[in-house]
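Per our numbering: the sequence shown ends with 296, consecutive numbering throughout. Idealized CB from N, CA, C, for every residue including glycine.
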Amino acid sequence: MGNGPAFERLPPGGSIKFKCIRCDVCCGTGPNVSLTIFDIIRMAYYTNIDWRQFIEIYVDVIIADMLPFMKLSGIGKGRCPFLRFDEDDKTYCSIYPARPMKCRLYPFIVMSPSSEYLYVDRKCPGIGEGGMVRVNPVFLKIYQRELREHYRRLYRLVMDEGYEPLQALYKALSDAYDEAKSGADWFNIEKLSKIEPIVEQ
Ligand code: SF4
Ligand code: SF4
């Protein structure tokens, strides 16, 4: 028997008591971080790796229901390849400015690109520490817009244009890469980094 649900559902705008204590629970034990095409292009740019190579090294792709899904691959028991420890044994993310949108929001979790309801992963040891915080609605809007756009593009390529799922993913990534080169707003890592995902209540 468990001790209640693993994820707590929050009403729109709901707050929790939370402060990140920089342990290694989220990034060290199976990040399972789902990724969008926008996450990939930002991370590949930041790590100075071609996006095709980035996928081969760092991303697991599975095909389900005719659609490709991507997640960060883990090392050993699932430790994120970008997780590092400082001299005080505290964890930090080596790609922090370009980390995936899902990582920015943790321990809050978006289950649907269209719902305002959020979930909180109760296994995060930072819950109960610090003051009351909530998700920044400005950040949430951007994240959900990216999620919707990611799936809209993949659906269109697979369902309307007849691409195989993996081909669709590479086409969507290639298109996103071209947009990034043309200065798309979503590719502005500096601007994105200025938007705090989690703010004080
Ligand atoms: S978000 Fe939670 S699980 Fe992740 S490092 Fe911070 S305290 Fe630990
Ligand atoms: S990308 Fe960074 S924040 Fe996300 S799981 Fe890896 S180390 Fe953690």
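Residue side-chain check: V120 places its Cβ nearer than 7 Å to a non-hydrogen atom of ligand 1. Per the Cβ contact rule, the stretch 181 to 200 is not in contact with the stretch 261 to 277 (fewer than 3 Cβ pairs under 8 Å). Per DSSP, S168 has no beta-bridge partner at all. Each of G171, D160 and M227 was checked against the Cα of K114, and the nearest Cα belongs to M227. Distance from the C-beta of C175 to the nearest heavy atom of ligand 2 is below 7 Å. Taking non-hydrogen atoms of ligand 2 into account, the C-beta of P195 is found less than 7 Å away from one of them.
Annotation for L268 indicates a beta carbon at 7 Å or more from all heavy atoms of ligand 2. Secondary structure note for S189: it is in no alpha helix (DSSP H), with a DSSP letter that is neither H nor E. Nearest neighbour of K266 by Cα position, chosen from V294, Y153, P163 and R199, turns out to be P163.
The beta-carbon separation of E295 and F234, rounded to 14 Å, does not stay under the 8 Å limit for a contact. Contact check between the stretch 145 to 159 and the stretch 103 to 120: fewer than three CB pairs, one atom from each, fall below 8 Å, which does not count as touching.
Rounded to whole angstroms, L167 and C175 show a C-alpha spacing of 7 Å. Positions of the alpha helix (DSSP H) runs, each at least 4 residues long and wholly inside the stretch 173 to 235, are given as 196 to 200 in order along the chain.
Contact between S129 and R229 does not hold, since their C-beta atoms are separated by about 22 Å, which reaches or exceeds 8 Å.
Here R194 is not near I284, since their CB atoms are 8 Å or more apart. For G226, the distance from the CB to the nearest heavy atom of ligand 1 is not below 7 Å.
The beta carbon of L105 sits closer than 8 Å to the beta carbons of I111, F203, Y212, L213, Y214 and V215 from its chain, once the five residues preceding and following it are set aside; these are given in chain order. When the five nearest sequence neighbours on each side are left out, the beta carbons in the same chain lying within less than 6 Å of the beta carbon of I158 are those of P260, in order along the chain. Under the 10 Å beta carbon count, M196 is surrounded by 16 or more other beta carbons and is classified as buried. For ligand 2, no non-hydrogen atom lies closer than 7 Å to the CB of V215.
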